[in-house]
Every structure is written in structure tokens, then in C-alpha cells.
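In the working numbering, the protein residues as written are 4 to 329. See structure below.
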Ligand code: UDP
């Protein structure tokens with residue numbers, strides 16, 4: 004049976020990957036330091052190691068105890084605003100430790116990786132929708148660290164024959180029956196709106212209303228986490244024959260912050276208390292994907308393309324939380 008190492012498998016997106024892989028009969032090993040991941044999110048049918056992806060000794064132990072075919076790296080810090088304030092932390096975690104992971108793979112002759120990158124590598128795009136060839140000029144350390152790591156992967160591919168697939172996620176959201184979006188120190192729009200609806204915070208602040216967009220608020224491309232993972236599972240099938248791949252993953256539809264708030268109001272059938280706030284540092288006005296390449300080459304088709312479907316799944320998990328796995 005093919006074995007996969009899912010780094011960051013106790014987190015939100017990695018957790019959905021583990022869930023889907025185990026459901027289809029794969030054998031899964033998780034490496035997660037539980038800094039942002041949750042112990043109770045570790046799938047009971049996966050082997051679990053707690054530690055950093057930069058821990059060389061631990062990597063050697065995992066690779067000697069398991070015959071790993073492909074590494075899927077979901078682990079990383081994800082807050083744009085924090086990355087502007089604490090850049091070292093982002094370069095160290097998302098770039099430095101990523102290099103340690105690759106070195107560990109090469110030492111142990113593991114030659115396939117699927118890496119979770121981000122739309123933030125594009126910075127302020129010149130054109131939307133954004134395709135894979137668009138200029139990569141990140142405007143915050145989060146996007147920069149991810150972009151630098153993409154480059155590192157490509158150099159490893161040239162030097163050692165590493166096969167890779169890079170996925171650039173746009174705004175991952177939504178829930179499955181087993182996993183929902185939950186971050187300590189929540190910074191993401193949809194979970195924060197839910198907190199405001201439930202009275203757990205006084206309101207949601209809209210970060211900037213003077214952007215060059217129709218309603219003045221930032222536009223993003225929201226993509227269901229289950230659809231994101233489906234693209235990974237399709238990519239695994241072609242990695243053997245096609246060794247260098249990169250894809251943008253989004254729905255190709257942009258929604259403004261105000262539109263997302265309106266969609267939550269509709270789904271939850273409750274008003275959202277809103278205040279107008281200042282712009283957040285490092286936020287581009289518009290990020291919308293062209294996912295044509297993933298559709299064409301992987302045969303990928305999002306099952307939940309509408310914002311209301313995505314928010315409904317997330318809201319359902321909010322009012323009826325998935326059972327703990329452990
Ligand atoms: N946003 C907002 N208020 C919040 C959190 C986020 O207006 O409390 C906006 C943010 O400026 C961005 C969009 O919502 O335009 C999505 O932000 P999020 O942090 O969810 O994802 P990102 O686009 O940074 O990956």
C-alpha cells in the first residue's frame with residue numbers, strides 16, 4: 004500500500020487531506036508540531052509524530068520506520084498581518100524548515116512532494132484572473148517565504164530529480180463532516196464573521212473600504228477545502244509521469260468582504276454586526292484565480308463553486324461541530 008507523509012496533518016487543510024486519504028484506503032503518517040494544529044484533529048487511523056518539519060533526526064526516524072512514497076507539506080504559519088510584523092518567524096518556519104524537510108527527504112531517497120503555496124506569491128496582480136505564469140512579486144513576508152520555497156523546490160528538482168506539484172491556494176474555507184476551520188488566534192474572515200454572528204466578538208471589522216473595487220472592499224476567491232484536496236489526490240496520480248507541476252486553485256469567482264458578510268447573513272439567517280476598519284497591511288485589492296490549468300491537466304472540477312454552498316458547509320459545522328477524532 005502506498006504510504007504518504009502529511010506534514011501539518013493535524014491542521015485544517017492537512018486534516019481534510021488525511022481524512023480523504025484514509026477514506027480511500029491510503030496509509031498515512033502525520034508529522035505536526037501542534038503549534039497551530041490540534042491533537043484532537045489527528046486521525047485515529049494515521050501514525051502520528053509530534054515535531055517540527057525542520058527536525059532532521061525526527062525526519063530520519065520517520066523515513067526509516069515508514070516507506071514513504073510522497074510527502075504532502077501543509078505545515079506553515081498563515082497570517083499575512085503577523086508576517087509583516089514578525090518576518091523572521093515566517094522565513095524561519097515556512098522557508099528554513101521547509102529546506103530542512105527537503106534535505107531530510109533527499110537523505111532518505113524520498114523524491115516526491117506536493118507543496119501548499121499561496122495566491123500571496125503574486126502580490127498585487129496586474130491582471131485577474133491570475134494564471135500560473137503571472138509575475139510573482141509578493142508584497143508581504145508570508146507570500147515571499149512561500150515564493151522562495153517554490154524556487155528552492157525547483158532547484159532541488161534540478162539537482163536531485165525531485166518530482167513536485169505546487170498548489171497555490173486562494174482562500175481556503177468551508178468544512179467537511181469531520182473537519183472545520185479553526186485557528187487559535189483566528190484571523191480569517193469567515194470564522195471571524197461566525198464569531199460575530201454568535202456574539203463571541205462584538206463585531207466584524209472590514210479591513211479597508213477604499214480599495215479600487217466596486218464596493219471598496221477587498222475581493223478574494225473562496226474555495227472549498229474539500230475541492231482543494233481533491234486536486235491533490237488527482238495530482239498524486241500523475242506525478243509519476245509528469246514531474247514538474249504548478250497550479251493555481253480557486254473558483255475563478257471573486258467576492259468582496261461585503262459580499263461574504265451578506266452571504267453569511269443569508270445562510271445563518273442572522274444579522275452580522277459590522278464596523279468599518281482601516282486597511283490591513285499587506286493586503287492586495289483583488290486575488291482571483293484562473294484554475295483552467297488544473298481543470299485541463301488534472302481533470303479537476305470544484306464541487307462547491309458557489310460562496311453560499313461553501314458558507315453553508317462551514318455554518319453547518321459551526322452549529323453542529325464535527326465529532327472529535329481522538
Ligand atoms: N478581512 C476583513 N476583516 C477581518 C479579516 C479579514 O475585512 O477581520 C478581509 C481581509 O482584509 C481580506 C479578506 O477579508 O481582504 C480575506 O482575509 P483572510 O485573512 O480570511 O484571508 P487572506 O486573503 O489574507 O488569505
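Using N, Cα and C, we set each Cβ at its ideal position, and we do this for glycine too.
CB contact flag (residue i, residue j, <8 Å)
i: residue 227; j: residue 117; result: no
i: residue 210; j: residue 280; result: yes
i: residue 107; j: residue 59; result: yes
i: residue 230; j: residue 290; result: no
i: residue 32; j: residue 56; result: no
i: residue 75; j: residue 34; result: no
i: residue 151; j: residue 80; result: no
i: residue 263; j: residue 322; result: no
i: residue 208; j: residue 275; result: no
Distance, residue j Cα to residue i Cα
i: residue 62; j: residue 194; result: 33 Å
i: residue 215; j: residue 288; result: 7 Å
i: residue 127; j: residue 93; result: 20 Å
i: residue 22; j: residue 12; result: 9 Å
i: residue 206; j: residue 188; result: 16 Å
i: residue 52; j: residue 129; result: 42 Å
i: residue 83; j: residue 114; result: 30 Å
i: residue 159; j: residue 149; result: 15 Å
i: residue 213; j: residue 70; result: 53 Å
i: residue 138; j: residue 123; result: 11 Å
i: residue 299; j: residue 220; result: 32 Å
i: residue 14; j: residue 77; result: 8 Å
i: residue 265; j: residue 201; result: 15 Å
i: residue 41; j: residue 204; result: 22 Å
i: residue 318; j: residue 198; result: 11 Å
i: residue 269; j: residue 315; result: 10 Å
Unbroken beta strand (DSSP E) run spanning residue i, endpoints
i: residue 1; result: One cannot answer for residue 1 here, as it falls past the ends of the chain, which runs 4 to 329.
i: residue 50; result: 50-53
i: residue 208; result: 207-210
i: residue 30; result: 30-35
Continuous alpha helix (DSSP H) stretch holding residue i: start and end
i: residue 235; result: 228-242
i: residue 20; result: 15-26
i: residue 295; result: 295-301
Min CB distance residue i to chain B below 8 Å
i: residue 145; result: The question asks about chain B, but that chain is absent: this structure has only one protein chain.
Three or more C-beta pairs closer than 8 Å, one from the region 171-180 and one from the region 238-246: is that the case here?
Verdict: no, contact absent.
Secondary structure, beta strand (DSSP E): runs of 3+ residues fully inside the region 58-138
Within the region 58-138, the complete beta strand (DSSP E) runs of at least 3 residues are 73-76, 115-121.
Using a Cβ distance threshold of 8 Å, determine whether the region 152-164 contacts the region 91-105, with at least three qualifying pairs required.
Yes: the two stretches touch, three or more of their Cβ pairs being nearer than 8 Å.
Count Cβ pairs between the region 180-189 and the region 12-19 that sit closer than 8 Å; are there 3 or more?
The count of Cβ pairs closer than 8 Å, one atom from the region 180-189 and one from the region 12-19, reaches three, so the stretches are in contact.
Touch test, the region 254-274 against the region 30-46, Cβ-Cβ under 8 Å, three pairs minimum:
The region 254-274 vs the region 30-46: no contact.
Please specify which runs of the beta strand (DSSP E), each continuous and at least 3 residues long, are wholly inside the region 260-290, giving them in chain order.
Within the region 260-290, the complete beta strand (DSSP E) runs of at least 3 residues are 277-280.
Start-end ranges of the alpha helix (DSSP H) lying completely within the region 141-193, minimum 4 residues
Within the region 141-193, the complete alpha helix (DSSP H) runs of at least 4 residues fall at 144-163.
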